[in-house]
Amino acid sequence: TPTPRNEPASSCSTGPVQCCQSVQTAAQAATIPGIDVLLGLLGVVIGDVTGLVGLTCSGINVAGGGTCSAQAVCCTNNSVGGLISIGCAPVTL
Numbered sequence: 039t040p041t042p043r044n045e046p047a048s049s050c051s052t053g054p055v056q057c058c059q060s061v062q063t064a065a066q067a068a069t070i071p072g073i074d075v076l077l078g079l080l081g082v083v084i085g086d087v088t089g090l091v092g093l094t095c096s097g098i099n100v101a102g103g104g105t106c107s108a109q110a111v112c113c114t115n116n117s118v119g120g121l122i123s124i125g126c127a128p129v130t131l
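In our numbering, the protein residues as written are 39 to 131.
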């Protein structure tokens, strides 16, 4: 699990802060069977991903005092419906 860089959740300008059950480097995520096929269907090449990849994510209402029991991250691409979030960076809530 990545260590938070103490960036506040309010610094996330790309969408809602996500709570991901697993956060990995793109290289680590590439070893998961089928993930390259799934990302390929979305037009994403895993080797081109910068930042971290979040798996099984859900949005957090930071303004409402939301909490995350796993890893809170700010991601540049949350368009896979919570299954995969791309370009993530850890944040503190």
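Each residue gets a CB set at the ideal place from its N, CA and C atoms; glycine is no exception.
Secondary structure of residue i, DSSP reduced to three states
i, result
"S60", "strand"
"I98", "coil"
"V75", "helix"
"A68", "coil"
"A108", "coil"
Opposing strand residues paired with residue i [DSSP bridges]
i, result
"L90", "T63, C126"
"N115", "I124"
Proximity below 7 angstroms, CB of residue i to CB of residue j
i, j, result
"V87", "C112", "no"
"I70", "V91", "no"
"L93", "S60", "yes"
"P54", "G89", "no"
"C95", "Q56", "yes"
Rounded Cβ spacing between residue i and residue j (contact assumed at less than 8 angstroms)
i, j, result
"L121", "A47", "About 22 angstroms; that fails the 8 angstroms criterion."
"A108", "C58", "6 angstroms"
"T52", "T114", "5 angstroms"
Contact test: residue i Cβ vs the ligand ATP heavy atom, cutoff 6 angstroms
i, result
"G120", "In the structure shown, the ligand ATP is absent, as is every other ligand, since no ligand is present at all."
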